[in-house]
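Under full-length UniProt numbering, the letters of the sequence shown match residues 1 to 176, in that order.
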Amino acid sequence: MSSSTQPSTHPDASAQACTPPCANSRTSPSPGILFEDILPIFADPKLHEALIRSLELHVLEACGGQKPDVIVGLEARGFLMGPSLALRLGAGFVPAYEKEYGQDFFQMQEGAIKPGQKVIVVDDIIATGGSAWAGGEMIRKMGGDLLGFIFLLELEFLKGRDKLPAPVYTLLSGQA
């Protein structure tokens, strides 16, 4: 995975295919927080397939033949992309649950990540990077080899990727 500080993009047309259905939403778990609604992508099988295929192509290209053993999906929208991506890559899927919204603390089933397993973290959006950092830290403590992070969208102005200890790939960038 590219570890540059600029957003990585794949030349696949999937990014453009995913752009129109994503929309800002004023409803969120916390008052005053604007978030990108990616759910319309999953309502359209062609868009869903294009999204997962684009992420799969990135992993295959960026990891230089190293397929991950496990895809960890961060709650909640990482649960939507993670299982499909894991199936395409022949990897296991492990959900990481937040103990409380906005606290950047995750839990997962004990022993879900075995020492030495190659892991990629997936979520819908990277903003400040706190949630992704917490997920990566948990994987490190379990002995996993963190290959990188994959996000559908990056809010670049928050510079969340700068906090992360492994390469970051984002399909789209935004300024919500």
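A virtual CB, placed ideally from N, CA and C, is assigned to each residue, including glycine. Source: prediction; values computed, not measured.
**Asked** Short check: CB of GLN117 to CB of GLY144, under 7 Å?
**Response** With a cutoff of 7 Å on beta-carbon distance, GLN117 and GLY144 are scored as near each other.
**Prompt:** Ordered along the chain, which non-local residues of its own chain (more than five positions away) have a Cβ less than 7 Å from that of GLY135?
**Reply:** VAL72, LEU74, ALA96, PHE106 and VAL121
**Prompt:** Which same chain residues, not among the five before or five after GLU156, have their C-beta less than 6 Å away from its C-beta?
**Reply:** SER173
**Prompt:** How is the alpha helix (DSSP H) around ALA96 delimited, first residue to last?
**Reply:** Looking at the DSSP string, ALA96 is not in any alpha helix (DSSP H); the run it does join, the beta strand (DSSP E), is 92-98.
**Item:** Same chain, Cβ closer than 8 Å to ILE139, five either side skipped, listed in chain order
**Value:** VAL72, ILE113, VAL119, VAL121 and LEU146
**Asked** Is the Cβ-Cβ distance between GLU56 and ARG88 less than 7 Å?
**Response** yes
**Prompt:** Taking GLU154 as the reference, which of LEU39, VAL168 and GLY148 has the closest Cα?
**Reply:** VAL168
**Request:** Confirm, please, whether the CB-CB distance from ILE125 to LEU85 is below 7 Å.
**Result:** no
**Request:** Give the range of the alpha helix (DSSP H) segment to which PHE79 is assigned.
**Result:** 78-89
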